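Trainee: The listed protein sequences derive, respectively, from chains D and B.
Residue numbering for the first sequence follows the numbering used here, starting at 8 and increasing by one per position.
Residue numbering for the second sequence follows the numbering used here, starting at 5 and increasing by one per position.
No residue lacks a Cβ here, since even glycine has one placed at the ideal position from N, Cα and C.
Computed from a prediction, not measured in an experiment: that's the story for all the values here.
Before I ask anything, here is the structure I am working with.
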Amino acid sequence: MNILVYINTATHLSKSAFEVVTYASKIGGNISVIATGTASDDVLASLGEYGAKNVLIDRSVATDDAHQLTQLIGNAVTATQADLVLFSHDIIAKAVAPRLSVKLKAGLVSGAIAIPDTSNGFVVKVNVFSGKAIGHVAVNSAIKIVSLLPNSIQPEKTGNACSVSAFDGNVSASKITVLETKKPEGAIPLPEAELVVSAGRGLKGPENWNMVEDLANALGAATACSRPVADIGWRPHHEHVGQTGVAIRPNLYIAAGISGAIQHLAGVNGSKVIVVINTDAEAPFFKAADYGVVGDAFDVLPKLTEAVKKFKATQH
Amino acid sequence: MKILVCISKSPDTTSKIAFTDGNKQFDENGVQYIVNPYDEWYALVRGLELKETLGGSLTIITVGNVADEAIIRKALAIGADDAVRIDAEPKNAYYTAMQIAHYAKENNFDLVLTGKETINYNGSQVGGMLAEALDLPFISLATKLDVTNNVARMEREIVGGVQVVEATLPLVVSCAKGMAEQRIPNMRGIMAARTKPLTVIPAIATDELTTYVEYGLPSAKSAVKMIDPSNMDELVALLHNEAKVI
Ligand SMILES: Cc1cc2nc3c(=O)[nH]c(=O)nc-3n(C[C@H](O)[C@H](O)[C@H](O)COP(=O)(O)OP(=O)(O)OC[C@H]3O[C@@H](n4cnc5c(N)ncnc54)[C@H](O)[C@@H]3O)c2cc1C
Numbered sequence: 008m009n010i011l012v013y014i015n016t017a018t019h020l021s022k023s024a025f026e027v028v029t030y031a032s033k034i035g036g037n038i039s040v041i042a043t044g045t046a047s048d049d050v051l052a053s054l055g056e057y058g059a060k061n062v063l064i065d066r067s068v069a070t071d072d073a074h075q076l077t078q079l080i081g082n083a084v085t086a087t088q089a090d091l092v093l094f095s096h097d098i099i100a101k102a103v104a105p106r107l108s109v110k111l112k113a114g115l116v117s118g119a120i121a122i123p124d125t126s127n128g129f130v131v132k133v134n135v136f137s138g139k140a141i142g143h144v145a146v147n148s149a150i151k152i153v154s155l156l157p158n159s160i161q162p163e164k165t166g167n168a169c170s171v172s173a174f175d176g177n178v179s180a181s182k183i184t185v186l187e188t189k190k191p192e193g194a195i196p197l198p199e200a201e202l203v204v205s206a207g208r209g210l211k212g213p214e215n216w217n218m219v220e221d222l223a224n225a226l227g228a229a230t231a232c233s234r235p236v237a238d239i240g241w242r243p244h245h246e247h248v249g250q251t252g253v254a255i256r257p258n259l260y261i262a263a264g265i266s267g268a269i270q271h272l273a274g275v276n277g278s279k280v281i282v283v284i285n286t287d288a289e290a291p292f293f294k295a296a297d298y299g300v301v302g303d304a305f306d307v308l309p310k311l312t313e314a315v316k317k318f319k320a321t322q323h
Numbered sequence: 005m006k007i008l009v010c011i012s013k014s015p016d017t018t019s020k021i022a023f024t025d026g027n028k029q030f031d032e033n034g035v036q037y038i039v040n041p042y043d044e045w046y047a048l049v050r051g052l053e054l055k056e057t058l059g060g061s062l063t064i065i066t067v068g069n070v071a072d073e074a075i076i077r078k079a080l081a082i083g084a085d086d087a088v089r090i091d092a093e094p095k096n097a098y099y100t101a102m103q104i105a106h107y108a109k110e111n112n113f114d115l116v117l118t119g120k121e122t123i124n125y126n127g128s129q130v131g132g133m134l135a136e137a138l139d140l141p142f143i144s145l146a147t148k149l150d151v152t153n154n155v156a157r158m159e160r161e162i163v164g165g166v167q168v169v170e171a172t173l174p175l176v177v178s179c180a181k182g183m184a185e186q187r188i189p190n191m192r193g194i195m196a197a198r199t200k201p202l203t204v205i206p207a208i209a210t211d212e213l214t215t216y217v218e219y220g221l222p223s224a225k226s227a228v229k230m231i232d233p234s235n236m237d238e239l240v241a242l243l244h245n246e247a248k249v250i
């Protein structure tokens with residue numbers, strides 16, 4: 008099988024890039040990468056350690072315009088004779104993979120959580136019903152496209168640095184004009200965060216979020232919140248997790264003062280480990296938790312922050 | 005301005021999720037269907053606001069069977085002018101997008117709006133597929149949308165931030181939180197919806213690129229371990245030694 012992996016790079020490669028190349032290598036085949044962005048040849052060559060044989064890069068395409076990226080990846084599919092195209096299931100893949108699916112008449116599976124089962128065709132598992140069930144999707148077309156849900160497999164180094172060559176994506180001019188890009192410095196984007204500290208209406212008001220931030224800072228975690236908290240404006244909308252907010256699956260999700268309504272759980276039930284802090288021992292969230300603390304967040308959060316700091320100090 | 009809003013049904017957010025027929029079919033028994041929240045709260049309502057300020061018409065379209073007319077009437081009650089139902093089971097996103105694209109091509113819309121994803125299949129696929137089939141620019145995960153003199157200005161989510169972009173109509177836009185506030189239909193709207201035009205059109209033949217062959221349920225969580233609030237050192241030790249997440 009010829010596999011083509013798309014990676015959107017900045018000066019460094021994110022963990023999701025290593026995950027998706029590892030995923031390709033576990034499927035097995037001749038793995039090429041088509042990359043855009045600013046990463047240096049040295050940085051790109053490191054993808055070989057995860058199984059890539061060659062990296063093609065078009066640095067002139069510094070865009071995330073779905074139309075341009077579709078043209079570029081389509082041309083790379085032709086050049087590499089790929090029969091499987093892989094993405095990490097991020098914001099870019101959500102815009103580009105569906106376009107590519109139509110362009111190539113290639114069946115698309117979005118958000119794969121496991122290696123495809125090829126014992127009888129090509130069947131990929133995905134989360135459906137907001138994580139309440141798993142769907143097994145067969146891809147029937149000759150060319151196939153799969154986007155991998157971040158944090159579904161661990162990157163594994165198996166080889167050595169690979170070759171990097173320039174590629175001309177041959178894209179037409181963008182029909183979208185970018186007027187402004189706002190990226191908060193230093194903040195960990197929620198969907199990529201491995202550790203998340205989240206809080207709900209139990210925190211009583213935005214002025215109490217310093218307790219949440221202190222714990223997040225001590226852990227190196229991102230912060231999140233329940234829907235009512237974003238709706239009343241205590242926290243920004245992009246922190247709202249759940250069925251109608253962001254769906255996340257960090258390694259650790261700490262929820263303080265959140266009742267655990269079914270719509271909230273739908274966005275966080277993929278987390279590896281869930282810690283719940285709530286005054287009400289009957290709060291539904293405890294049923295979905297790995298570790299529970301019945302107690303007042305105003306008392307427990309600062310204590311937990313101190314304990315984390317103490318632990319971190321012993322780690323150096 | 006002619007606006008097309010794609011709506012999908014999805015099970016009510018509190019529905020129990022179960023399967024029948026050897027785990028091949030979603031068990032609809034006792035399931036209440038709603039308009040997919042992203043389609044209703046954001047795409048439809050923002051489309052209506054634009055129509056109200058700029059004039060024009062707003063059509064809703066769904067691929068579904070006769071039972072789905074309940075959610076169509078809900079969208080009409082909120083304010084859409086007319087509706088189209090493509091009479092077919094929406095097998096997958098590609099199938100659905102090809103049906104809608106076929107209709108949209110013949111009817112020249114200025115703006116095609118979708119929700120960011122459905123809450124049952126969560127694929128986020130239909131908008132991008134439509135854009136490619138219609139050969140139009142696609143702005144995904146838009147949180148703001150304004151139109152002046154045929155030019156749309158949008159804010160959209162990007163990896164780790166937001167971006168302000170502009171593009172000339174026609175366009176396909178997928179709508180996320182921030183676009184608009186939910187509207188509850190009033191009695192007048194509900195009455196008016198009964199007589200608004202609903203056109204049913206047959207499906208076109210489309211390749212079945214993917215097939216849902218089976219469903220399963222996630223493995224059950226093991227029982228929760230309770231920790232005394234005065235013993236946070238123990239919790240940290242468990243997270244490190246047992247759960248191995250810090
Ligand atoms: C269609 C639909 C979609 C929805 N989508 C989402 C979604 O995406 N995300 C989402 O979050 N919600 C969503 N909701 C809302 C959801 O149903 C709940 O209303 C919401 O999650 C509750 O938020 P909360 O837990 O912060 O607040 P509450 O339900 O008010 O719970 C507060 C909790 O804090 C506890 N508490 C109080 N004081 C303290 C204290 N001092 N210390 C510790 N604990 C304390 C209480 O015991 C309680 O459990 C949706 C609802 C609908 C109908």
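Output, in sequence order along the chain, the residues in the segment 102-120 of chain D whose CB is closer than 9 Å to any CB in chain B.
Mentor: Ala102, Val103, Ala104, Pro105, Arg106, Leu107, Ser108, Val109, Lys110, Lys112, Ala113, Gly114, Leu115, Val116, Ser117 and Gly118
Trainee: If Ala56 (chain D) sits next to Ala168 (chain D), beta carbons under 8 Å apart, how far is it from one beta carbon to the other, in whole angstroms?
Mentor: Here residue 56 (chain D) refers to the residue found at position 49 when the first sequence is read from its first residue. Here residue 168 (chain D) refers to the residue found at position 161 when the first sequence is read from its first residue. Sequence check: residue 56 (chain D) is Glu here, not Ala. Correct: roughly 6 Å between the Cβ atoms.
Trainee: Which residues bound the beta strand (DSSP E) around Met158 (chain B)?
Mentor: The residue given as residue 158 (chain B) occupies position 154 in the second sequence. First-last of the beta strand (DSSP E) with Met158 (chain B): Val155 to Ile162.
Trainee: Report, in whole angstroms, the separation of the C-beta atoms of Ile41 (chain D) and Ala83 (chain D), which I expect to be a contact under 8 Å.
Mentor: On the first sequence, residue 41 (chain D) is found 34 positions in, with the first residue counted as 1. On the first sequence, residue 83 (chain D) is found 76 positions in, with the first residue counted as 1. The pair is a contact, with the Cβ atoms about 4 Å apart (cut-off 8 Å).
Trainee: Cβ of Gln270 (chain D) less than 7 Å from any chain B Cβ?
Mentor: The residue you call residue 270 (chain D) lines up with position 263 of the first sequence. Yes, contact with chain B.
Trainee: Identify every residue that forms a DSSP beta bridge with Ile98 (chain D).
Mentor: Taking the first residue of the first sequence as position 1, residue 98 (chain D) is located at position 91. Per DSSP, none; premise fails for Ile98 (chain D).
Trainee: Relative to the C-alpha of Ile11 (chain B), which residue among B:Thr66, B:Glu170, B:Ser234 and B:Leu80 is closest?
Mentor: Numbered from its first residue, the second sequence carries residue 11 (chain B) at position 7. Selected option, being the one with the closest Cα: B:Thr66.
Trainee: Have a look at the DSSP bridge pairing and note the partners of Glu218 (chain B).
Mentor: What you label residue 218 (chain B) is simply residue 214 of the second sequence in a count that begins at 1. DSSP lists D:His143 as partners of Glu218 (chain B).
Trainee: Can you pull the chain D neighbours of Phe142 (chain B), defined as C-beta to C-beta under 8 Å?
Mentor: Residue numbering aside, residue 142 (chain B) sits at position 138 when the second sequence is read from its first letter. Under the 8 Å cutoff, chain D gives Ala73, His74, Ala102 and Arg106.
Trainee: On the DSSP letters alone, give me the boundaries of the alpha helix (DSSP H) that Phe25 (chain D) sits inside.
Mentor: Within the first sequence, numbered from 1, the residue matching residue 25 (chain D) stands at position 18. Taken as a continuous stretch (DSSP letters only), the alpha helix (DSSP H) holding Phe25 (chain D) covers Lys22 to Ile34.
Trainee: Would a C-beta distance cut-off of 7 Å place Ile131 (chain D) and Pro123 (chain D) closer than the cut-off?
Mentor: Translated into positions along the first sequence, residue 131 (chain D) becomes position 124. Translated into positions along the first sequence, residue 123 (chain D) becomes position 116. The sequence shown places Val at residue 131 (chain D), not Ile. Going by C-beta atoms, Val131 (chain D) is nearer than 7 Å to Pro123 (chain D).
Trainee: Is it the case that the Cβ atoms of Gln270 (chain D) and Thr147 (chain B) are separated by a distance below 7 Å?
Mentor: The sequence position of residue 270 (chain D) within the first sequence is 263, counting from 1. The sequence position of residue 147 (chain B) within the second sequence is 143, counting from 1. No, the pair does not count as a contact, with Cβ atoms beyond the cut-off.
Trainee: Which residues does DSSP list as the beta-bridge partners of Cys232 (chain D)?
Mentor: Here residue 232 (chain D) refers to the residue found at position 225 of the first sequence. The partner list for Cys232 (chain D) (beta bridge, DSSP) reads D:Ala206 and D:His247.
Trainee: Check whether the Cβ of Gly207 (chain D) lies closer than 6 Å to any heavy atom of ligand 1, and answer yes or no.
Mentor: The residue given as residue 207 (chain D) occupies position 200 in the first sequence. Under cutoff, so the answer is yes.
Trainee: Say whether the segment 144-163 of chain D touches the segment 131-140 of chain B, bearing in mind that this needs 3 or more beta-carbon pairs closer than 8 Å, one atom from each stretch.
Mentor: The segment 144-163 of chain D is not in contact with the segment 131-140 of chain B.
Trainee: Would you say the beta carbon of Thr29 (chain D) is closer than 6 Å to some non-hydrogen atom of ligand 1?
Mentor: Stepping through the first sequence from its first residue, residue 29 (chain D) is reached at position 22. Not so, every heavy atom of ligand 1 lies at least 6 Å from the Cβ.
Trainee: Taking all protein chains shown into account, decide if Thr199 (chain B) is buried (16 or more other Cβ within 10 angstroms of its Cβ) or exposed.
Mentor: Locating residue 199 (chain B) in the second sequence gives position 195, where the first residue counts as 1. Exposed, by the Cβ-count rule.
Trainee: Please determine, among D:Gly302, D:Pro196, D:Phe174 and D:Thr184, the residue with the shortest C-alpha to C-alpha distance to Ser67 (chain D).
Mentor: Start at 1 with the first residue of the first sequence, and residue 67 (chain D) comes out as number 60. Of the candidates D:Gly302, D:Pro196, D:Phe174 and D:Thr184, the one whose C-alpha sits nearest the C-alpha of Ser67 (chain D) is D:Phe174.
Trainee: Closer than 9 Å between beta carbons: that is the criterion. Which residues of the segment 206-219 of chain B meet it against chain D?
Mentor: Asp211, Glu212, Leu213, Thr214, Thr215, Tyr216, Val217, Glu218 and Tyr219
Trainee: Quick check: what's the CA-CA separation for Ser179 (chain D) versus Gly81 (chain D)?
Mentor: Here the question's residue 179 (chain D) lines up with position 172 in the first sequence. Here the question's residue 81 (chain D) lines up with position 74 in the first sequence. Distance between the alpha carbons of Ser179 (chain D) and Gly81 (chain D) is about 13 Å.
Trainee: Could you please give the first and the last residue of the uninterrupted beta strand (DSSP E) stretch that includes Pro15 (chain B)?
Mentor: The residue given as residue 15 (chain B) occupies position 11 in the second sequence. Its beta strand (DSSP E) spans residues Lys13 to Pro15.
Trainee: Under 6 Å: does the beta carbon of His2 (chain D) sit that close to some heavy atom of ligand 1?
Mentor: Outside the shown range of chain D, which is 8 to 323, sits residue 2 (chain D), and nothing can be said about it.
Trainee: If you drop the 5 nearest sequence neighbours on each side, which residues of the same chain put their C-beta closer than 6 Å to that of Ile143 (chain B)?
Mentor: In the second sequence, residue 143 (chain B) corresponds to position 139, counting from 1. Counting only Cβ-Cβ distances below 6 Å, and skipping sequence neighbours, we find Met158, Arg160 and Val177.
Trainee: Could you check whether the segment 46-63 of chain B touches the segment 289-302 of chain D, counting it as contact only if at least three pairs of C-beta atoms, one from each stretch, sit closer than 8 Å?
Mentor: no
Trainee: Compute the minimum distance between the beta carbon of Ile265 (chain D) and the heavy atoms of ligand 1, and state whether it is under 6 Å.
Mentor: Position 258 of the first sequence, counting from 1, holds the residue named residue 265 (chain D). Yes; taking the cut-off as 6 Å, the Cβ of Ile265 (chain D) has a heavy atom of ligand 1 nearer than that.
Trainee: Mind checking if Val155 (chain B) is an interface residue toward chain D, Cβ cutoff 7 Å exclusive?
Mentor: The residue given as residue 155 (chain B) occupies position 151 in the second sequence. For Val155 (chain B), the answer is no, since every Cβ of chain D falls outside 7 Å of its Cβ.
Trainee: Pick out whichever of D:Gly36, D:Glu220 and D:Val12 has its Cα sitting closest to the Cα of Ile261 (chain D).
Mentor: Counted from its first residue, the first sequence places residue 261 (chain D) at position 254. Nearest option by C-alpha distance: D:Glu220.
Trainee: Out of B:Val9, B:Ile21 and B:Lys13, which has the shortest C-alpha to C-alpha gap to Tyr219 (chain B)?
Mentor: Residue mapping note: residue 219 (chain B) aligns to position 215 of the second sequence, counting from 1. Selected option, being the one with the closest Cα: B:Ile21.
Trainee: Thr63 (chain B) by DSSP, collapsed to three states: which one?
Mentor: As a working mapping, residue 63 (chain B) is identified with position 59 in the second sequence. Strand.
Trainee: Would you call the segment 94-111 of chain B and the segment 121-136 of chain B in contact, with 3 or more CB pairs under 8 Å?
Mentor: They touch, by the three-pair rule.
Trainee: With a threshold of 7 Å between beta-carbons, can Pro196 (chain D) be considered close to chain B, or not?
Mentor: Walking along the first sequence from the start, residue 196 (chain D) turns up at place 189. It does; some Cβ of chain B falls within 7 Å.
Trainee: Between Val27 (chain D) and Val240 (chain B), how many whole angstroms is the CB-CB distance? I'm expecting something under 8 Å.
Mentor: Counted from its first residue, the first sequence places residue 27 (chain D) at position 20. Counted from its first residue, the second sequence places residue 240 (chain B) at position 236. So it is not a contact: roughly 32 Å between Cβ atoms.
Trainee: Since Thr24 (chain B) sits in a beta bridge, which residues does DSSP pair it with?
Mentor: The count along the second sequence starts at 1 and reaches residue 24 (chain B) at position 20. In DSSP, Thr24 (chain B) forms a bridge with B:Gln29.
Trainee: If I'm right that Ile284 (chain D) touches Val307 (chain D) with Cβ under 8 Å, what's the distance once you round it to whole angstroms?
Mentor: Mapped onto the first sequence, residue 284 (chain D) falls at position 277. Mapped onto the first sequence, residue 307 (chain D) falls at position 300. Right, the Cβ-Cβ distance comes to about 5 Å (below 8 Å), so this counts as a contact.
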